[in-house]
Every structure is written in C-alpha cells, then in structure tokens.
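Some notes on the structure that comes next.
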C-alpha cells in the first residue's frame, strides 16, 4: 500500500468538485438575493446547511412563507440520503477505515465529495487518510461558501442596469434544476417526476408555489413507493 | 438576520450534519463480509426517500419555469418587442431549455449546462425584445 495521502493532496483532489460547485453556488447566491435574502443570510445558509438542492428548496419554502417546522421536516427528508454515505465509504475502505477525525470530515460528506472519495478508494491498494478526506471536504466547502457570497453580491441588483445579464441570471435556476434533474434521472424515476410536476401545478394553482413544491415532493415520494412495490411484484 | 430563518437553518444544518456523521460512530463497518455497501435504504421508507430528492428537483424546476414565464419585472420590457409578452417569454424559455438540454447531452456537466443555458436565454431575450445590454 502507498503512503497515506496528505491534506494538501485532498485539497488538490477537490478541484473538480470546487469548479462544479462554484457556479452553482453563485446561482444560489443570485437566487437568494433576488428572493430578498441578505448576503449574510445567504452565506449563513451555505455555511450551516451546506447541501445544494435542499438550500434551493429552503429558499422557495422560506420566501413563500411555509411554516418553519414543515420546512425543517421537508428539508431533512430531502437530506436523509446522507445517512448512507459514511457507512458506504467506510465499508469500501475496509481495513483502511479510520474515524478518529470523522466529526470533522463528515461535515463535508456531500453527494459529490462522497462520490469522489469512493472513486479514489475503489482500488484495494489505494491509500486513504482522514487528512486527505478533510482536505477534499474543505476545498469543496470553500468553493460553495465563496460562490454563494459572490452570487448574493451580484443578485442584490448589481446588474439592473444590464437587462440582458439580469435576464440571463433569472434563467440560472430553471437551467440548474433541469441539469440537476438530468444528472439524477433514471428510468425508474419517471412516475416520481410526473407526480411531482403535476402535484406542483395543481397545488400551486390553489395555494401558491411553496405549498405546490411540498405537495409535489410528497406525491413524487409516494409515486416512488408505488413504483418500487410494482417492480417487486413483477417477475 | 431573521430569527425564523436562523432557527430553520440551524435545525436543518445540525440534522444534516448528524446524518453525515453519526453513522461513523455506530457500527457502520460491521456488516457481513463480501456484501456490497448499500447506497440506498430498503423498504417503503427507502423507496420514498430515494424518490423524494428527484421529486423535489422536478417540482422546483416546474416552479422556476412558471416563474420565468410570468416575470413581472421583465413583462414591461417584453411588451416592447414585436411579439406579445406571453409568446415572447415562452419562446425565450423554450430556447433556454433547449440550450440547457443540448449542452447537458454534449458535456454531461451540470455547471456547464446551467451557465450556457442561462447565457443562451439571455441572448434569446435580447434578440426577442431588442433591449440592448
């Protein structure tokens, strides 16, 4: 087995994630600014929640006046998938696993950090260290936080004198959600996606956008349960 | 900072951190040998949680598209163009969606598709409305 990789090596390995996170975090900051959140509030969300898609959901729910408890439950439901990342990573590491500093590196165990770490440790002789994992987590975290600050500064109306740039910034969110959906989508998700879209349109027509998003999530989740049950029955 | 926002962020932040950290403390590595690591929860709750993320993104996408189609701020500028405001915003949104889809298919990269999709939308908006940058 090779020498354990260092903290700077982990930081370097975070470069592809950081390059992907920064523009998405800028769109988050812009969206937060346009939704009336201050720069400090947007930065606080990115520093404390640090979970991309659920932060956009938080914006939609909080700006739409959803009940705080309902918002917390919905956001945690969306993030529950993170429960699986540390066990999957530690299991892939086998005898190389260490958890003494897990309190530190687990903070940054996002979808992309998890996927990158899993790819790195897939060969049985590949070395891994908690320092490397901390560097990987920190690089991604800094890109997310700094992108948010840049975006929130731009979203506060800096481009009002440039209507074409302002219009393009206004399309960042639809473009982002469409790209995220394409990246996450598998054939088995079709019922969930259809149910979520229809649920949103119906509920939003009566009760507004933030209720529409919650109803869409709920119906989409239920469609996923029904779809999985249907798959279990078929040969 | 608003107290309500602060509390929601703290609750979600602490909860998400515990989701990421606690499994490293509780027998996470003591599974059967040779078993593939689980990447999805099982059972009805697992199926629900596996779909709720993609469902949330789908609902957010429809919400964002509806927002772009009915933009109060841009409506005044859009009426200045040769098309009416409704067909103009539908056309620019369709071009933005097509560009995002095209770039994603080409590069398989969320950041590139988002940025080029938004840029294409801005360009289409400029062509349709004739409002200079």
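Protein chains in written order, with the numbering used here: chain Y, 514 to 748; chain F, 1486 to 1618.
Glycine is no exception: its CB is placed at the ideal position from the N, C-alpha and C atoms.
Owing to the predicted nature of the structure, the values given are computational and were not obtained by experimental measurement.
Inset, instruction - Assign residue 528 (chain Y) to one of two classes, buried (16 or more other C-beta atoms within 10 Å of its C-beta) or exposed (fewer than that). - result: exposed
Inset, instruction - Kindly indicate which three-state DSSP category residue 700 (chain Y) falls into: helix, strand or coil? - result: helix
Inset, instruction - Check whether the Cβ of residue 1587 (chain F) lies closer than 9 Å to any Cβ atom in chain A. - result: The question asks about chain A, but that chain is absent: this structure's protein chains are Y and F.
Legend entry - Host alpha helix (DSSP H) of residue 578 (chain Y) (start-end): It is not in any alpha helix (DSSP H) - residue 578 (chain Y) carries neither H nor E in the DSSP assignment.
Legend entry - Run of the alpha helix (DSSP H) containing residue 647 (chain Y), from where it starts to where it stops: 643-668
Legend entry - 9 Å Cβ cutoff, residue 1576 (chain F) in contact with chain Y: no
Inset, instruction - Kindly list the residues whose CB is nearer than 8 Å to the CB of residue 516 (chain Y), restricted to its own chain and excluding five residues on each side of it in sequence; keep chain order. - result: 640
Inset, instruction - Closer than 6 Å by C-beta to residue 548 (chain Y): which residues in its own chain qualify, once you throw out the five before and the five after it? Chain order, please. - result: 572, 576
Inset, instruction - Using the Cα positions of residue 1573 (chain F) and residue 687 (chain Y), report the straight-line distance between them to the nearest angstrom. - result: 17 Å
Legend entry - 9 Å Cβ cutoff met for residue 712 (chain Y) and residue 1537 (chain F): no
Legend entry - Beta-carbon proximity of residue 614 (chain Y) to residue 643 (chain Y), cut-off 9 Å: yes
Inset, instruction - With DSSP as the reference, label residue 527 (chain Y) as helix, strand or coil. - result: coil
Inset, instruction - For residue 557 (chain Y), decide whether its Cβ has a neighbour in chain F, counting only Cβ atoms nearer than 9 Å. - result: yes
Legend entry - Neighbour flag for residue 1611 (chain F) against chain Y, beta carbons, 9 Å: yes
Inset, instruction - Closer than 6 Å by C-beta to residue 609 (chain Y): which residues in its own chain qualify, once you throw out the five before and the five after it? Chain order, please. - result: 641
Legend entry - Short-range partners of chain F found in the region 585-603 of chain Y, where Cβ spacing is below 9 Å: 585, 587, 588, 589, 590, 591, 592, 593, 594, 595, 596, 597, 598, 599, 600, 601, 602, 603
Inset, instruction - Starting from the Cα of residue 520 (chain Y), find the closest Cα among Y:651, Y:533, Y:708 and give me that residue. - result: Y:651
Inset, instruction - Would you kindly work out how many angstroms separate the C-alpha atoms of residue 645 (chain Y) and residue 532 (chain Y), rounded to a whole number? - result: 18 Å
Inset, instruction - Could you check if residue 1518 (chain F) is buried or exposed, using at least 16 other CB atoms within 10 Å of its CB as the buried criterion? - result: Caution is warranted here: a pLDDT of 46 is assigned to residue 1518 (chain F), below 50, making its placement in the model unreliable, and the coordinate value is therefore given only provisionally. So residue 1518 (chain F) ends up on the exposed side.
Inset, instruction - Would you mind telling me which residues of chain F sit closer than 7 Å to residue 612 (chain Y), beta carbon to beta carbon, in chain order? - result: 1509
Inset, instruction - In angstroms with no decimal places, state the Cα-to-Cα distance between residue 706 (chain Y) and residue 1569 (chain F). - result: 31 Å
Inset, instruction - State yes or no: is the beta carbon of residue 1516 (chain F) nearer than 9 Å to at least one beta carbon in chain Y? - result: Note on residue 1516 (chain F): pLDDT 48, under 50, position unreliable in the model; the coordinate value appears next. Yes, its Cβ sits closer than 9 Å to a Cβ of chain Y.
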